[in-house]
Amino acid sequence: MDAFVPEIFARDWIAAWNRHDVEAVLAYYVDDVVFVSPLAATVTGNPEVHGKASLRAYWNKALRSYSSPPQFLLESFNWDKEKSTLFIIFVLTDQGRTVRRCELMHFKPDGLISRSEAFAGATIVSTSPSGSRSI
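Structure representation (structure tokens):
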């Protein structure tokens, strides 16, 4: 993890989502990843998704549910080197509807994500609150 550059990772992760390249996103995760999201429960019936194969199926199904390809914009991130956790805040836009989302990723020493928790907010009017700066 010494060569890990949080900003580069965050930008690359968002770029993979903007390409809708589930395989590129999955490359960042261990095979036995645990992904937790209240949105997963609406698609899979369970807020916890276990394993890369199940995560692939969930994300592909979720992406197909959008009426048009969603777009992602990196807003900010916070890296805790001591805990090997990265918190990414981004906005997702789909047909004019914008929602702020964030994800807390727990990394293993090999640089792959072992656990991730996703959170979604309500639809927002502005993607950049007064005085804040997008990355």
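This note's numbering numbers the first residue of the sequence shown as -14 and each following residue consecutively. For every residue, glycine included, the Cβ atom is placed at its ideal position computed from N, Cα and C.
Please state whether the Cβ-Cβ distance between residue i and residue j is less than 8 Å.
i: residue 92; j: residue -8; result: no
i: residue 88; j: residue 102; result: yes
Indicate the three-state DSSP secondary structure (helix, strand or coil) for residue i in the structure shown.
i: residue 79; result: strand
i: residue 39; result: helix
i: residue 116; result: Any reading at residue 116 needs caution, since the residue's pLDDT is 43, under 50, leaving its predicted position unreliable; the model's value is listed next. Three-state DSSP puts residue 116 in coil, outside helix and strand.
i: residue 150; result: The chain is shown from -14 up to 120; residue 150 falls before or after that span and cannot be answered.
Would you grab the beta carbon distance between residue i and residue j for me? Rounded to a whole angstrom, and I think it's under 8 Å.
i: residue 5; j: residue 48; result: 6 Å
i: residue 75; j: residue -1; result: 6 Å
i: residue 7; j: residue 45; result: 6 Å
i: residue 98; j: residue 14; result: 5 Å
Using a Cβ-Cβ cutoff of less than 8 Å, which residues in the same chain neighbour residue i once the five nearest sequence positions on both sides are dropped?
i: residue 16; result: 36 and 37
i: residue 86; result: 74, 75, 76, 77, 103, 104, 105 and 106
Please return the same chain residues whose Cβ sits closer than 7 Å to the Cβ of residue i, not counting the five positions on each side in sequence.
i: residue 80; result: 52 and 53
Can you have a look at residue i and say buried or exposed, based on whether 16 or more other CB atoms are within 10 angstroms of its CB?
i: residue -10; result: exposed
Starting from the C-beta of residue i, find all residues in its chain whose C-beta is less than 6 Å away, skip the five residues before and the five after it, and write them out in chain order.
i: residue 20; result: 34, 40 and 101
i: residue 9; result: 1
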